[in-house]
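Residue numbers (our numbering): 22 to 515.
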RNA sequence: GUCCCCGUCGUCUAGCCUGGCCUAGGACAUCGCCCUUUCACGGCGGUAACACGGGUUCAAAUCCCGUCGGGGACGCCA
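What follows is the structure, given as structure tokens:
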């Protein structure tokens, strides 16, 4: 198991998404998954989901569920799945191999030495003094005596040694060993640390490309050291620019609230396709001015070369009151674009559960008729509730009767229009063309403009001025409801 | 503090590697006009950026140096 079996240049890529289940699925993590996914689907590789759950204290099942739930919503699949906590032996074996080569040493310094002591240090922070030089004999003796120790990597520092690697996004990277601390491989209880476990698994799973957030860029030197110490060729690295909040700092739930959780987008009515599209455009560009893209188009266009180096701002507003103002305007726009691109039947299917969960009973057939009237008018799926509200109620909620009065008109005109409309609509066929013709004719007879005829009717049946086109609306509403609402509106004028 | 990364319109970005086609392109947002029975969609147009300072060069957003600004990492967290 010590041959370098992961040669990036040959075969299909194997990539992994390795979240630590300590919270909900974060938009930054989702984006990382998506980039990995795109890369691997583009290159016919294997996507691996690995739960990096070595931090027993902070892991929760709820978090694991949140991750699954989020990925399921996004419709992103993976081919293999592992749990890091079940692979402890593998990790310890690697630690042992490194220790046997004397590339790691035991550190008997008690844990939690006190941060105060450490912070002001000038150079000694690199390792706990004395431990690195401990003779093997003494080290063995103390270990045999049962004294607890952590295992630390012996970072090569002599002769100005440097660690280097090539990042697919950030290019050639190098750092002096003198600037890398002797990081821990094993904790005093024998538990592997993240760095060790991660590298051991990446090697064992034959990961060819590690695509992850840029916050790991400086950790990569340590990882390269581990891979090499254990006799493996490091995989290819590609670090993604970070997603930051409008204040410029890394997105965090602590500071930025629910807008960093994927489920927030789902619940607000984002389409998975649109959300993925949005995330892809943060830190990556197809470089041809295309923006609205399907999953397939993204897959076809994706390449590591298109990834930027500068952090990208997710332009949300915490103080906003409505969902539309809360999210990045571009995300909302993209969502509206994707909604408009959906076939009526498909959009209708997306809308149905939202309407029903709101306690409204509506048939599939009726939803199918309502959908085309609101498709161009909603930006988030949940907008259906406000955009089509008047279709869903028997009794219209109260509205300002002044709305019934048309532009450049008065109460008398409104009354005239509605009264005449009631007569006309009592007999006319409820189809777009007849409706259009007869109502226009009626307006002419009354000597008013078509718009002055339509507005009172629109308000009477919709309860507000801004609504979908009138004739289509009436068609769906039907004669009975229309007449009832007009009859109710007439006495309110005045 | 140490190390690393980054810096084009308010935001996402193209252009930078392979200087001239850049009086810097697109998109969102915003403003205005048009279409129109309202809203929306759509169409047209406007405002708006190469962080700063030095070089190199006939020529720099593009190359070099410095400054400033922002971010990240420095845990027996991941």
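By construction, the Cβ of each residue, glycine as well, lies at the ideal position given by its N, Cα and C atoms.
- Looking from the CA of residue 180, the closest CA among 260, 195, 199 and 428 belongs to 199.
- Within 10 angstroms of the beta-carbon of residue 506 lie 16 or more other beta-carbons, which makes it buried.
- Taking one beta carbon from each stretch, the stretch 118 to 128 and the stretch 87 to 104 have fewer than 3 pairs nearer than 8 Å; the two do not touch.
- The C-alpha of residue 59 is placed about 33 Å away from the C-alpha of residue 114.
- Here residue 128 is bridged, per DSSP, to 171.
- With distances taken between CA atoms, residue 420 lies nearest to 510 out of 61, 510, 119 and 256.
- Look at residue 416 here: in three-state DSSP terms it is coil, with no helix or strand label.
- Counting along the chain, residue 187 sits inside no alpha helix (DSSP H); it lies in the beta strand (DSSP E) bounded by residues 183 to 188.
- Close CB contacts of residue 212 within its chain, under the 7 Å cut and outside five residues either way in sequence, are with 75 (chain order).
- In this structure residue 477 touches residue 427 by the C-beta definition: roughly 6 Å separates them, less than 8 Å.
- In this structure, the alpha-carbon of residue 355 lies about 14 Å from that of residue 289.
- The DSSP-derived three-state label of residue 271 is strand.
- Residue ranges of uninterrupted beta strand (DSSP E) with 3 or more members, entirely inside the stretch 28 to 93 and ordered along the chain, are 35 to 38 and 67 to 72.
- Residue 213 has 207 as its beta-bridge partners, per DSSP.
- Per the coordinates, the alpha-carbon of residue 116 lies some 13 Å from the alpha-carbon of residue 224.
- The residue among 106, 152, 174 and 86 with its C-alpha nearest the C-alpha of residue 121 is 174.
- Between residue 368 and residue 360, the C-beta spacing is below 8 Å.
- Residue 184 and residue 196 have their C-alpha atoms some 5 Å from each other.
- Assignment of alpha helix (DSSP H) within the stretch 448 to 485, counting only whole runs of 4 or more residues, yields 453 to 467 and 471 to 483 in chain order.
- In this structure, the beta-carbon distance from residue 294 to residue 315 falls below 8 Å.
- Boundaries cannot be given for residue 122, as no alpha helix (DSSP H) includes it and DSSP labels it neither H nor E.
- The Cβ atoms of residue 209 and residue 169 lie closer than 8 Å to each other.
- Each of 497, 490 and 320 was checked against the Cα of residue 398, and the nearest Cα belongs to 490.
- Judged by DSSP in its simplified three-state form, residue 233 adopts strand.
- By DSSP's assignment, residue 195 forms a beta bridge with 185.
- In the displayed model, residue 317 falls within a helix according to three-state DSSP.
- If you look at residue 243, you'll find it in the alpha helix (DSSP H) that goes 241 to 250.
- The straight-line gap separating the alpha-carbon atoms of residue 215 and residue 109 is approximately 11 Å.
- Three or more pairs of CB atoms, one per stretch, sit closer than 8 Å, so the stretch 29 to 43 contacts the stretch 63 to 72.
- Cβ neighbours of residue 375 within its own chain (closer than 8 Å, five residues either side excluded): 290, 402, 403, 405 and 406.
- In this structure residue 53 is buried. Its beta-carbon is surrounded by 16 or more other beta-carbon atoms within 10 angstroms.
- Between residue 379 and residue 372, the alpha-carbon positions lie close to 11 Å from each other.
- Under DSSP, the beta-bridge partners assigned to residue 258 are 188 and 231.
- In the displayed model, residue 328 falls within a strand according to three-state DSSP.
- Collapsing the DSSP output to three states places residue 312 in coil.
- Note: residue 264 is bridge-paired with 333 in the DSSP secondary-structure output.
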